[in-house]
Amino acid sequence: MISAGCRRCTEVRRMTIFHEIYGAYYRITARLLRRGRITRQDIADVTAQEGFRDSMLFLPQKLIPQADGSDWGLLRETADGAFAPVTKHLPERPLTLLQRRWLRAKLADPKIRLFLTDAEYDAIEAALAETPPLFRPEQFRYPDQFSDGDCMTDPKYRAVFRIALHALRKGTAVLLEYRTQRGETQRQCCLPVAMEYSQKNDKFRLYCRRIRRGRLTGSTVFNLGRIRSIRMLRDAPENSQTRERFFAGLRCAEPVTVRVTDERSGLARFLMEFAAYEKHTERDTETGSCTVQIWYDRSDETELLIQLLSFGPVLEILSPPDFRQKAAERVAAQYALLFPEQPLPPDAE
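Note that the numbering used here has the sequence shown beginning at 922, numbered continuously upward.
Dropping the structure here:
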């Protein structure tokens, strides 16, 4: 749910992991070369389907043989006016060393086990045994990440994850048994709508719509680690609600408004910490502080509150009043634990 932009590097030593040799033009050319006979219309159609808006101005002229030899020399013209590949072998996509090192590093991430069988994992590990990893897990530090994340290498957890993911992709309803926060076991019929990974909690969440008496009702969120069993059902009510409308229903009625000062690099730390949230920022040029509105899912309210309070005096919660009151109550409770014999200072109330 996070999008990020990138800037094309101009130096070879700063090349990206997924190099442009396997970009859109490579895929278009490879798809055409796999055909025994290629027409001008084939080239135009495939370029239009998989290329960019301006690809038609460049790519066909590089594929079709030109009198001045400016083409790539991949096709020859046949007697019937079509084209045939001059290559003897089908196009392949060998991995670059950088890609192999990146894959080797990703094998150390427990989350990759969720998408691979043990046999697939072992095969990839054996194929990359002589390749040094691009980076190691211990080189990264995640500030404020909870230590009770999901055990993603557990066979039962992996089985639940795969069934949930398969049901999500197929649009199939599921019957799941889960453990509540009170330790009770409950069963629920629901239709998976989305799955999300929380970097802060190191946990996966399954967003669903409840099914009651064969009809879709409200929405709910499950932590995958609390699901004890899950199985797919044959029938599912038709879901006409889009993902956008579903998440709009989970959204807060009013954004949280905060003021952040730049003391102790507070603003830079705040923007990095809340990069995943939808927000609107206004900067006061005179004071250097920023007023920020943050939109969030209602189910994330407690987590958001804890994140905001972790910034201490460099951040002030301005509104809404009920959210500000919850923050004040948490501060008072924490103060009472630390200083049970001392009353809360008046300016902190």
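All C-beta atoms in this analysis are idealised placements derived from N, C-alpha and C, irrespective of residue type, glycine included.
Values in this document were obtained by computation on a predicted structure and should not be read as measured data.
Rounded to whole angstroms, what's the CA-CA distance from residue i to residue j? Just pull it up for me.
i: Phe1264; j: Ala1254; result: The amino acid occupying residue 1264 in the given sequence is Pro; Phe does not appear at that position. Cα to Cα, Pro1264 sits roughly 11 Å from Ala1254.
i: Thr1141; j: Arg1172; result: 13 Å
i: Ile949; j: Ile1045; result: 28 Å
i: Ser976; j: His1010; result: 25 Å
i: Lys1121; j: Phe1232; result: 15 Å
i: Tyr1099; j: Trp1023; result: 36 Å
i: Tyr1118; j: Thr1206; result: 37 Å
i: Leu1188; j: Leu1229; result: 12 Å
i: Ile985; j: Thr1017; result: 28 Å
i: Glu1224; j: Tyr1217; result: 10 Å
i: Thr1052; j: Glu1059; result: 18 Å
i: Ala1029; j: Ala1000; result: 55 Å
i: Arg1130; j: Phe1143; result: 11 Å
i: Lys1124; j: Arg1190; result: 23 Å
i: Arg1083; j: Glu1250; result: 41 Å
i: Gly1135; j: Arg1103; result: 28 Å
i: Leu1127; j: His1087; result: 12 Å
i: Glu1194; j: Phe1036; result: 28 Å
i: Pro1242; j: Arg1219; result: 16 Å
i: Phe1061; j: Phe1067; result: 15 Å
i: Met1116; j: Gly1002; result: 51 Å
i: Tyr1256; j: Arg1025; result: 47 Å
i: Arg1021; j: Asp1043; result: 15 Å
i: Arg956; j: Asp963; result: 10 Å
i: Ala1174; j: Thr1202; result: 19 Å
i: Lys1027; j: Tyr1078; result: 19 Å
i: Leu978; j: Leu996; result: 18 Å
i: Ile959; j: Leu980; result: 15 Å
i: Val1252; j: Leu1258; result: 10 Å
Starting from residue i, follow the beta strand (DSSP E) in both directions and report where the run begins and ends.
i: Pro1004; result: The question names Pro, yet the displayed sequence has Phe at residue 1004. Here the beta strand (DSSP E) through Phe1004 covers 1004-1006.
i: Pro1113; result: 1106-1119
i: Arg997; result: 996-998
Can you name the start and end residues of the alpha helix (DSSP H) that residue i belongs to?
i: Lys1032; result: No alpha helix (DSSP H) contains Lys1032, which DSSP labels as neither H nor E.
i: Glu1041; result: 1039-1048
i: Leu1086; result: 1076-1091
i: Tyr1099; result: Unbroken run through Tyr1099 is the beta strand (DSSP E), 1095-1100; no alpha helix (DSSP H).
i: Leu1018; result: 1018-1027
i: Glu971; result: 961-971
i: Leu980; result: 980-984
i: Ala945; result: 945-954
Assign residue i to buried or exposed, taking buried as 16 or more other Cβ atoms, counted over all protein chains shown, within 10 Å of its Cβ.
i: Tyr1063; result: exposed
i: Asp1071; result: buried
i: Ile1271; result: Only positions 922 to 1270 of the chain appear in this structure, which leaves residue 1271 out of reach.
i: Thr1038; result: exposed
i: Phe1056; result: exposed
i: Thr968; result: buried
i: Val1007; result: exposed
i: Gly1139; result: exposed
i: Pro1113; result: buried
i: Arg1152; result: exposed
i: Ser1210; result: buried
i: Thr931; result: Reliability fails at Thr931, whose pLDDT of 35 lies under 50, so the model's placement of it is uncertain and the value that follows must be treated cautiously. Label assigned to Thr931: exposed.
i: Leu1236; result: buried
i: Ala965; result: exposed
i: Pro1176; result: buried
i: Gly1146; result: buried
i: Ala1048; result: exposed
i: Ala1050; result: exposed
i: Leu954; result: buried
i: Ala988; result: exposed
Excluding sequence positions up to five away, which residues of its chain have a Cβ less than 8 Å from the Cβ of residue i?
i: Thr1074; result: Pro1031, Arg1034
i: Leu1154; result: Thr1093, Ala1094, Val1095, Leu1096, Cys1110
i: Leu1239; result: Thr1178, Val1179, Arg1180, Thr1212, Arg1245
i: Arg1185; result: Val1235
i: Gly926; result: Low local confidence applies: a pLDDT of 35 at Gly926 is under 50, so the model's placement there is unreliable, and no value is given.
i: Thr1106; result: Glu1098, Tyr1099, Arg1100, Arg1149
Under 6 Å Cβ to Cβ from residue i, same chain only, skipping five residues before and after it: list those, please.
i: Arg961; result: none
i: Ala951; result: Pro1012
i: Ile1215; result: Pro1176, Val1177, Tyr1198, Lys1200
i: Ala1080; result: none
Report all residues from its chain with a CB closer than 7 Å to the CB of residue i; omit the five preceding and five following residues, and keep chain order.
i: Glu1041; result: none
i: Glu971; result: Ala945, Arg948, Ile949
i: Arg1014; result: Tyr943
i: Glu998; result: Pro986, Phe1004
i: Lys1247; result: Leu1226
i: Pro1261; result: none
i: Lys983; result: Asp992, Trp993
List, from N- to C-terminal side, the beta strand (DSSP E) runs of 3 residues or more that fit wholly inside the segment 1122-1153. DSSP runs (the beta strand (DSSP E)) wholly in the segment 1122-1153: 1124-1133, 1136-1144, 1148-1153.
At what residue ranges does the segment 1182-1264 contain a whole run of the beta strand (DSSP E), taking only runs of 3 or more? Those beta strand (DSSP E) runs which fall completely within the segment 1182-1264 and span 3+ residues are 1199-1204, 1211-1216, 1236-1240.
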